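Going by the UniProt record's numbering, the first residue of the sequence shown is number 1, and it counts up by one from there. Let me begin by presenting the structure, written as structure tokens, before commenting on it.
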Amino acid sequence: APRYPRYTREEVGRHRSPQDRVWVTHGTEVFDVTDFVELHPGGADKILLAAGGALEPFWALYAVHSQPHVLELLREYKVGELSPEEAPPTAAATGDPFAGDPLRHPGLCVNSQKPFNAEPPAELLAERFLTPNELFFTRNHLPVPAVDPGSYRLRVEGPGGRALSLSLPELRSRFPKHEVTATLQCAGNRRAEMSQVRPVKGLPWDIGAISTARWGGARLRDVLLHAGFEEEREGEWHVCFEGLDADAGGAPYGASIPYSRAVSPAADVLLAYEMNGEELPRDHGFPVRVVVPGVVGARSVKWLRRVAVSPAESPSHWQQNDYKGFSPCVDWDTVDYKTAPAIQELPVQSAITHPRPGAAVPAGELTVKGYAWSGGGRPVVRVDVSLDGGRTWRVARLAGERPPPERAWAWVLWELQAPVAAGAELEIVCKAVDGSYNVQPDSVAPIWNLRGVLSNAWHRVRVSVRD
Ligand code: HEM
Ligand code: MTE
Numbered sequence: 001a002p003r004y005p006r007y008t009r010e011e012v013g014r015h016r017s018p019q020d021r022v023w024v025t026h027g028t029e030v031f032d033v034t035d036f037v038e039l040h041p042g043g044a045d046k047i048l049l050a051a052g053g054a055l056e057p058f059w060a061l062y063a064v065h066s067q068p069h070v071l072e073l074l075r076e077y078k079v080g081e082l083s084p085e086e087a088p089p090t091a092a093a094t095g096d097p098f099a100g101d102p103l104r105h106p107g108l109c110v111n112s113q114k115p116f117n118a119e120p121p122a123e124l125l126a127e128r129f130l131t132p133n134e135l136f137f138t139r140n141h142l143p144v145p146a147v148d149p150g151s152y153r154l155r156v157e158g159p160g161g162r163a164l165s166l167s168l169p170e171l172r173s174r175f176p177k178h179e180v181t182a183t184l185q186c187a188g189n190r191r192a193e194m195s196q197v198r199p200v201k202g203l204p205w206d207i208g209a210i211s212t213a214r215w216g217g218a219r220l221r222d223v224l225l226h227a228g229f230e231e232e233r234e235g236e237w238h239v240c241f242e243g244l245d246a247d248a249g250g251a252p253y254g255a256s257i258p259y260s261r262a263v264s265p266a267a268d269v270l271l272a273y274e275m276n277g278e279e280l281p282r283d284h285g286f287p288v289r290v291v292v293p294g295v296v297g298a299r300s301v302k303w304l305r306r307v308a309v310s311p312a313e314s315p316s317h318w319q320q321n322d323y324k325g326f327s328p329c330v331d332w333d334t335v336d337y338k339t340a341p342a343i344q345e346l347p348v349q350s351a352i353t354h355p356r357p358g359a360a361v362p363a364g365e366l367t368v369k370g371y372a373w374s375g376g377g378r379p380v381v382r383v384d385v386s387l388d389g390g391r392t393w394r395v396a397r398l399a400g401e402r403p404p405p406e407r408a409w410a411w412v413l414w415e416l417q418a419p420v421a422a423g424a425e426l427e428i429v430c431k432a433v434d435g436s437y438n439v440q441p442d443s444v445a446p447i448w449n450l451r452g453v454l455s456n457a458w459h460r461v462r463v464s465v466r467d
């Protein structure tokens with residue numbers, strides 16, 4: 001067998017365009033597919049999305065590749081092998097607190113490198129119901145903590161000053177494993193559209209700060225009851241979470257949810273250690289994170305180190321002075337964070353993932369695709385689509401099974417086919433309706449807020465139809 005040169009993942013990651021050559025990996029093999037890009041039956045644009053990184057998460061979206069002739073074809077382009085992973089640099093050795101962050105797929109659309117914030121390419125977002133882990137959006141406020149699973153302990157403050165300290169094997173064996181398919185959405189999803197009305201402070205997320213996974217772990221309810229808490233608690237109580245990631249002053253990332261949600265068997269709140277059947281990836285909270293279905297992503301605390309029940313919400317900056325909604329009339333001189341409640345359940349949302357803004361689509365039958373979701377377990381009951389800016393409407397076809405009532409934690413993917421004529425300019429619009437008949441606002445300006453959160457106006461995509 002020929003001996004191939006060895007390359008690191010970082011070296012492969014430098015080959016992302018026909019000028020720099022287009023390299024990809026499959027397993028531990030490296031391929032230079034520059035000459036295949038234009039021959040690809042799925043299009044050059046698609047193959048370039050994976051350039052510089054692993055093919056597997058993309059091929060998970062398109063089952064057409066799981067045929068022997070695809071791998072045979074790929075073999076012709078082999079140029080190397082991946083070198084065994086080198087020990088990653090550490091924050092201590094380099095002085096860069098982010099030096100120990102994991103390596104990510106170069107196909108992600110990065111909004112900020114340090115801390116790492118990235119979303120999947122929009123056109124792939126809704127190709128599959130479950131988002132592959134490598135493409136799941138990542139929202140980090142701080143460096144990713146390096147956790148040794150052997151010495152990891154989760155501290156659960158019980159009533160009367162008692163506390164539980166749970167190792168990973170204890171969390172796995174003492175509590176039944178519960179699985180929930182849930183969508184996580186960041187409060188800042190679609191913020192970029194809000195900045196077009198007036199500048200806002202925050203990462204310029206497009207439509208991809210939302211993803212769906214099947215989460216596995218212990219129910220938070222079971223752990224709280226095991227720690228000695230009762231199902232019913234009089235008065236107002238909150239369950240506060242702390243992460244292992246801390247800011248320069250030592251304050252950990254933190255958030256809280258109401259006690260009633262934490263103990264409700266119907267709310268499905270998890271202490272998750274699995275994501276899509278694999279152990280949690282480092283970026284998504286390894287080894288344990290909270291997953292609060294139907295609630296803004298900010299409450300699903302990653303790298304969980306401590307759980308405590310308190311009469312007050314989490315004192316964390318992210319609970320008290322961020323992730324709240326305000327009137328368009330409030331600016332940075334007048335904002336008083338104490339006057340608004342922390343965001344918990346999110347409003348109804350939808351977006352068009354295909355085609356993309358500015359695309360030139362072929363005349364004939366156009367397929368419009370997207371996602372829709374609502375907070376609080378409210379199901380999406382309908383998605384309306386317009387091709388003329390909202391003058392006339394059609395009803396999209398919703399894919400997937402009907403979720404159990406009041407526990408619709410996951411998005412629905414939808415599709416609409418319609419004939420389009422050459423030369424036409426289309427303004428495609430979508431809007432979703434949830435089980436409480438909540439609808440999305442038609443425009444952004446009236447829901448503008450200084451932090452750019454809760455951006456859920458009708459999504460509009462302009463495209464032209466080729467002659
Ligand atoms: C179809 C190869 C990367 C998306 C195909 C087919 C082959 C192929 C041989 C036709 C299969 C058949 O119909 O029997 C490859 C190779 C790749 C690669 C060798 C990498 C070196 C990708 C990536 C994506 C993608 C990264 C998506 C991001 C598609 C799609 C089709 C397709 C959507 C279906 C096209 C259609 O049926 O109209 N690919 N592919 N491919 N590929 Fe890829
Ligand atoms: N937990 C910790 N410990 N640190 C964080 O920065 N970000 C939160 C939440 N949990 C965060 C966290 C925010 S704002 C969101 S939207 C989700 O994690 C994103 O989860 P993901 O990165 O797995 O998509």
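In this text, a Cβ means the ideal position worked out from N, Cα and C, and glycines have one as well. These numbers were taken from a predicted model, which means no experiment stands behind them.
For the pair Leu-387 and Val-30, the Cα-to-Cα distance works out to about 43 Å. In the DSSP annotation of this structure, the continuous segment of the alpha helix (DSSP H) that includes Arg-9 starts and ends at 9-12. For Asp-434, the uninterrupted beta strand (DSSP E) run begins and ends at 425-434, by DSSP.
For the ligand HEM, no non-hydrogen atom lies closer than 8 Å to the CB of Gln-417.
Annotation for Val-395: Arg-382, Asp-384 place their beta carbon closer than 7 Å to its own, counting only its chain and skipping 5 residues before and after. In this structure, the beta-carbon distance from Asn-449 to Val-295 does not fall below 9 Å. In this structure, Gln-67 has its beta carbon less than 8 Å from a heavy atom of the ligand HEM. Counting along the chain, no alpha helix (DSSP H) covers Gln-417; the unbroken beta strand (DSSP E) around it starts and ends at 412-420. At a Cβ-Cβ threshold of 9 Å, Pro-115 and Pro-88 do not count as neighbours. A heavy atom of the ligand MTE is found nearer than 8 Å to the CB of Gln-185.
In terms of Cα proximity to Gly-13, the closest of Pro-106, His-26, Ala-262 is Pro-106. Within its own chain, the residues whose Cβ lies closer than 6 Å to the Cβ of Glu-119, once the five positions on either side in sequence are excluded, are Cys-109, Phe-137, Gly-208, Ala-209, listed in chain order.
Nearest in C-alpha terms to Ser-316, of all of Thr-28, Arg-162, Asp-247, Gly-53, is Asp-247.
Between Leu-73 and Thr-25 a beta carbon distance of about 16 Å is seen, past the 8 Å cut, so the two are scored as non-contacting.
Residue pairing from DSSP leaves Arg-356 without any beta-bridge partner. In the three-state DSSP reduction, Val-37 falls in the helix class (H, G or I). If you keep only unbroken alpha helix (DSSP H) runs of at least 4 residues inside the region 164-208, you get 168-174, 191-197.
In the structure shown, the three-state DSSP call for Thr-339 is helix. Per the C-alpha coordinates, the member of Asp-333, Pro-2, Arg-174 positioned closest to Gly-217 is Arg-174. Counting along the chain, Phe-58 sits inside the alpha helix (DSSP H) bounded by residues 56-59. Taking 8 Å as the cut-off, one finds at least one heavy atom of the ligand MTE near enough to the beta carbon of Pro-115.
Closer than 8 Å to some heavy atom of the ligand MTE: that does not describe the Cβ of Val-79.
Of all alpha-carbon atoms in Pro-57, Gln-19, Val-64, Asp-20, the one lying nearest the alpha-carbon of Pro-41 is that of Val-64.
With a cutoff of 8 Å, Ile-47 counts as near the ligand HEM, since its C-beta is closer than that to a heavy atom of the ligand.
If you check the CB distance, Val-288 and Ser-300 do not come in under 9 Å.
Non-local C-beta neighbours of Lys-431 in its own chain, meaning closer than 6 Å and more than five positions away in sequence, comprise Asp-384, Gln-440, Trp-458, ordered along the chain. Per DSSP, the unbroken alpha helix (DSSP H) holding Tyr-259 starts and ends at 259-263.
Assigned with DSSP and collapsed to three states, Trp-409 falls in coil, not helix or strand. Relative to the ligand MTE, the beta carbon of Asn-140 is positioned inside 8 Å of a heavy atom. Between Gly-370 and Ala-182 the beta-carbon gap is near 19 Å, outside 8 Å, which marks them as no contact.
Counting C-beta pairs closer than 8 Å gives fewer than three between the region 88-101 and the region 312-330, which falls short of the contact rule.
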